[in-house]
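Asker:
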DNA sequence: GGCCGTTCTTGTCATTTGGCAAGCCGTAAC
DNA sequence: GTTACGGCTTGCCAAATGACAAGAACGGCC
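Chains as they are written, first to last, in our numbering: chain U, 12 to 204; chain L, 12 to 204.
Here you go:
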């Protein structure tokens with residue numbers, strides 16, 4: 012596995028040149044996860060700023076009743092880490108789990124911070140990643156409030172069809188904010204009839 | 012109006028000393044808004060990194076059916092700006108509106124960026140603000156999925172009772188993801204009988 | 001191959017929430 | 001004062017979604 016995808020990902024934001032991307036990528040180490048392996052567990056402090064090169068992952072948390080609720084899905088080519096735990100150095104409430112065998116590139120908090128201090132362009136990149144995640148979550152929240160479950164499912168199908176190929180439907184259901192039974196009926200096309 | 016609250020707010024994150032806070036705060040300019048005045052309108056680029064010293068505000072957006080949906084409330088002592096529009100320099104989808112007469116301290120994007128480049132401790136502060144907002148939104152999303160409307164209302168009442176004193180209930184309703192009729196029934200205590 | 005556990009679907013019924021429309025009430029305008 | 005408007009509540013009914021349980025389908029494992 013080469014660092015090609017990682018370098019390309021760094022460049023794509025526009026803040027980082029090819030030469031810089033190579034130097035930055037050099038700081039990342041390979042990280043593998045077998046299917047069902049955990050990148051992060053609740054109670055621990057997230058210490059991987061992880062670029063997913065191949066595979067598929069999800070984040071989830073248990074609510075007060077003990078229900079497993081999916082909070083995010085990650086396809087190859089995305090950054091995977093728990094923002095609050097990683098940057099605040101606090102125990103995570105979430106788990107991050109490999110849904111397939113995964114490989115990617117990882118850097119620890121200390122190293123990332125050193126890079127941020129040394130490289131203005133990488134700081135910009137880091138901020139852009141935070142902003143992107145934040146904006147995506149806001150969109151999802153707005154949809155949760157204004158769209159019905161069936162419409163949210165359709166939108167997901169359109170925007171990230173890969174999810175349906177890798178994640179069990181019950182995880183998709185909790186991500187969408189419905190029960191697995193309801194999702195099953197939505198998929199059938201007749202939510203009642 | 013003095014910059015006392017702003018300076019205190021800067022210090023409270025732990026990254027910034029009193030002396031630094033004074034220097035940083037010196038870069039902020041006063042900004043007033045009459046009740047119903049707009050800090051930001053959809054289509055424009057957010058260019059105020061605004062510390063709300065006194066007053067109460069809300070952010071909202073129109074969904075595809077034209078419904079006014081409240082996306083956030085802001086009490087005095089909070090930072091008010093639209094993250095994606097401000098940092099990406101893209102047109103905002105949201106409005107930010109004064110619910111009461113407001114005053115606070117504002118800095119523009121260019122100036123903020125200059126400060127970020129010049130002052131590592133302020134960068135840390137800025138990142139902490141992003142992370143805080145992100146984490147809050149994640150919590151809200153989890154509650155939206157796992158808690159019923161009545162429970163979400165109770166939680167809001169417990170965590171931010173000021174909102175109920177300043178915002179019309181229909182705004183609170185859309186923030187919670189319910190209709191104003193439903194909120195009315197929830198408040199009555201008997202969501203049906 | 002046969003067993004077992006998980007996932008997914010489906011039926012039945014209850015609960016939650018929404019859509020309307022009417023009415024009440026307070027405030028602002030004239 | 002009277003009028004007009006917006007905000008809030010409430011009744012009635014419909015739609016959306018959940019809870020629970022049974023059974024089919026599938027995959028891993030011995």
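Just so you know, even glycine gets a beta-carbon here, dropped at the ideal spot from N, CA and C. Here the structure is a predicted model, which is why all the values come from computation and not from measurement.
1) With a cut-off of 8 angstroms on the beta carbons, I'd call residue 24/U and residue 129/U a contact; round off their distance for me.
2) Tell me whether residue 102/U sits in a helix, a strand or coil according to DSSP, three-state version.
3) Whole angstroms is fine: what's the gap from residue 201/L's alpha carbon to residue 162/L's?
4) What residues of chain U sit near residue 145/L, judged by a beta carbon separation below 8 angstroms?
5) Listed in chain order, which residues of the segment 60 to 72 of chain U have Cβ atoms closer than 8 angstroms to some Cβ of chain L?
6) Pull up the DSSP beta-bridge partners for residue 68/L, would you.
7) Curious, which full-length alpha helix (DSSP H) runs of at least 4 residues does the segment 169 to 199 of chain U contain?
8) Given that residue 131/L touches chain U, what residues does it touch there, using C-beta distances under 7 angstroms?
9) Which residues share a DSSP beta bridge with residue 115/U?
10) Please classify residue 3/U as buried or exposed, where buried requires at least 16 neighbouring CB atoms within 10 angstroms.
11) Which of helix, strand or coil does DSSP assign to residue 157/U?
12) Note down the Cα distance separating residue 154/L from residue 148/L, rounded to an integer number of angstroms.
13) Return the Cβ separation of residue 19/L and residue 110/L in integer angstroms, given the expectation that the two are a contact with Cβ distance under 8 angstroms.
14) Can you tell me which of 35/L, 127/L, 71/L, 175/L puts its alpha carbon nearest to the alpha carbon of residue 51/L?
15) What residue range is occupied by the uninterrupted alpha helix (DSSP H) comprising residue 128/L?
16) Contact criterion: CB-CB distance below 9 angstroms. Does residue 123/U meet it with respect to chain L?
17) What does the alpha-carbon distance come out to for the pair residue 194/U and residue 79/L?
18) Closer than 8 angstroms by beta-carbon distance: list the chain L residues that pair up with residue 252/U, in chain order.
19) Look at the Cβ atom of residue 167/L, then the Cβ atom of residue 183/L, and state whether they are nearer than 9 angstroms.
20) Helix, strand or coil: how does DSSP classify residue 49/L here?
21) Could you have a look at residue 56/L and say whether DSSP puts it in helix, strand or coil?
22) Can you pull the chain U neighbours of residue 78/L, defined as C-beta to C-beta under 7 angstroms?
23) Per DSSP, what are the beta-bridge partners of residue 80/L in this structure?
24) Can you pull the DSSP bridge partners for residue 141/L?
25) Does any C-beta atom of chain U lie closer than 9 angstroms to the C-beta of residue 134/L?
26) Under DSSP, the alpha helix (DSSP H) around residue 30/U begins and ends at which residues?
Answerer: According to the structure data:
1) Your numbering for residue 24/U matches position 13 in the first chain. Your numbering for residue 129/U matches position 118 in the first chain. Incorrect: roughly 18 angstroms between the Cβ atoms, too far for contact.
2) Position 91 of the first chain, counted from the first residue, corresponds to residue 102/U. Reduced to three states, the DSSP call for residue 102/U is strand.
3) Working through the second chain from its first residue, we reach residue 201/L at position 190. Working through the second chain from its first residue, we reach residue 162/L at position 151. Caution is warranted here: a pLDDT of 49 is assigned to residue 201/L, below 50, making its placement in the model unreliable, and the coordinate value is therefore given only provisionally. Residue 201/L and residue 162/L have their C-alpha atoms roughly 13 angstroms apart.
4) Taking the first residue of the second chain as position 1, residue 145/L is located at position 134. In chain order: 94, 95, 141, 144, 145, 148.
5) 72
6) Position 57 of the second chain, counted from the first residue, corresponds to residue 68/L. Bridge partners of residue 68/L: 85/L, 109/L.
7) 173 to 177, 180 to 187, 191 to 199
8) Taking the first residue of the second chain as position 1, residue 131/L is located at position 120. Here the neighbours are 128.
9) Against the first chain, residue 115/U aligns to sequence position 104. Partner(s): 42/U, 63/U.
10) No answer is possible for residue 3/U: it lies beyond the span of chain U, which begins at 12 and ends at 204.
11) For the purposes of this step, residue 157/U is taken as the residue at position 146 of the first chain. Helix, per DSSP.
12) On the second chain, residue 154/L is found 143 positions in, with the first residue counted as 1. On the second chain, residue 148/L is found 137 positions in, with the first residue counted as 1. If I take the Cα positions, the gap works out to 10 angstroms.
13) The residue given as residue 19/L occupies position 8 in the second chain. The residue given as residue 110/L occupies position 99 in the second chain. Between residue 110/L and residue 19/L the Cβ distance is about 23 angstroms, and since that is not below 8 angstroms, they are no contact.
14) The residue given as residue 51/L occupies position 40 in the second chain. If we check each option's Cα against that of residue 51/L, 71/L comes out closest.
15) By 1-based counting over the second chain, the position of residue 128/L is 117. Segment 120 to 129, the alpha helix (DSSP H) holding residue 128/L.
16) If you number the first chain from 1, residue 123/U lands on position 112. Residue 123/U does not count as touching chain L.
17) Translated into the one-based positions of the first chain, residue 194/U becomes position 183. Translated into the one-based positions of the second chain, residue 79/L becomes position 68. Rounded to whole angstroms, the separation of the alpha carbons of residue 79/L and residue 194/U is 28 angstroms.
18) Since the first and last residues shown for chain U are 12 and 204, residue 252/U lies out of range.
19) Start at 1 with the first residue of the second chain, and residue 167/L comes out as number 156. Start at 1 with the first residue of the second chain, and residue 183/L comes out as number 172. Going by C-beta atoms, residue 167/L is nearer than 9 angstroms to residue 183/L.
20) Here residue 49/L refers to the residue found at position 38 when the second chain is read from its first residue. Reduced to three states, the DSSP call for residue 49/L is strand.
21) Position 45 of the second chain, counting from 1, holds the residue named residue 56/L. If DSSP states are grouped into helix, strand and coil, residue 56/L belongs with coil.
22) If you number the second chain from 1, residue 78/L lands on position 67. Here the neighbours are 157.
23) For the purposes of this step, residue 80/L is taken as the residue at position 69 of the second chain. Looking at the DSSP assignment, residue 80/L forms a beta bridge with 72/L.
24) Residue 141/L sits at position 130 when you count from the first residue of the second chain. Its beta-bridge partners do not exist; DSSP assigns none.
25) Mapped onto the second chain, residue 134/L falls at position 123. Cβ-Cβ to chain U under 9 angstroms: yes for residue 134/L.
26) Indexing the first chain from 1 puts residue 30/U at position 19. Unbroken alpha helix (DSSP H) run through residue 30/U: 29 to 36.
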